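Colleague: Numbering (the numbering used here), first residue to last: 528 to 686. I have a structure here, written as structure tokens, and I will follow up with some questions on it.
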Amino acid sequence: MATTKTTKGKAAAPAGKSAKDAKAKAAKKAALQGVHSHSSRKPRYSVTFRLPKTLKLKRNPKYPRKSIPHAPRMDEFRTIVSPLNTESAMKKIEEHNTLVFIVDIRSNKRQIKDAVKKLYDVQAAKINTLIRPDGKKKAYVRLAADHDALDVANKIGFI
């Protein structure tokens with residue numbers, strides 16, 4: 528007895544198989560060619576290249592680069608080195624209501640004014656500075672009219 532093959536479920540298969548084959552071949556062709564094979568260049572109308580403005584995010588560090596912030600480098604104790612009590616400085620105190628200090632070479636007039644206010648609780652009206660021939664900076668601190676330089680000098684303790 529000869530056995531006969533039946534094509535019960537295989538009759539519809541060749542049509543579906545050819546569609547799958549075509550899809551697979553198209554995918555193969557696309558993979559071989561690559562997706563960037565048909566890209567066209569954007570025309571440039573200017574000879575200068577302008578870098579596009581992109582988003583610039585603020586720094587967001589994971590940890591601080593310094594463990595603690597630096598202490599102020601020029602505080603009032605570092606600014607004013609010492610009061611000067613020479614004969615000419617005494618004359619300034621008595622006649623012109625002016626105190627004379629040796630100050631740090633890097634300090635400016637604003638820092639000197641703030642240091643005098645913090646240390647001696649007096650308001651400075653005007654400050655003149657000069658650098659002496661020995662390399663030290665001298666500051667003439669003219670006090671406001673409501674403060675007396677002689678009293679402040681007594682409070683400091685150099686008279």
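Don't be surprised by glycine CBs; every beta carbon is placed ideally from N, CA and C. All figures in this text were calculated on a predicted structure; none of them were measured in a lab.
1. From what residue to what residue does the beta strand (DSSP E) around PHE685 run?
2. Counting C-beta neighbours from all protein chains within 10 Å, is the total for GLN638 16 or more, i.e. buried, or is it exposed?
3. Which stretch, first to last residue, makes up the beta strand (DSSP E) that contains LYS664?
4. When you compare only the Cα positions, how much space is there between PRO599 and LYS640?
5. So, is PHE604 buried or exposed, given that buried needs 16 or more other C-beta atoms within 10 angstroms?
6. Run the CB neighbour count on ILE607, radius 10 Å, all protein chains shown included, and call it buried at 16 or more, exposed below.
Modeller: Result, derived from the coordinates:
1. As a first step, residue 685 must be located in the sequence shown, where it is residue number 158. No beta strand (DSSP E) holds PHE685; DSSP gives it neither H nor E.
2. On the sequence shown, position 111 is the one that residue 638 refers to. Under this definition GLN638 is a buried residue.
3. Numbered from 1 along the sequence shown, position 137 holds the residue referred to as residue 664. Here the beta strand (DSSP E) through LYS664 covers 664-670.
4. Locating residue 599 in the sequence shown gives position 72, counting from the first residue. Locating residue 640 in the sequence shown gives position 113, counting from the first residue. In a straight line, the C-alpha of PRO599 is about 17 Å away from that of LYS640.
5. Position 77 of the sequence shown, counted from the first residue, corresponds to residue 604. With fewer than 16 other Cβ atoms within 10 Å, it is exposed.
6. Mapped onto the sequence shown, residue 607 falls at position 80. Buried: at least 16 other Cβ atoms inside 10 Å.
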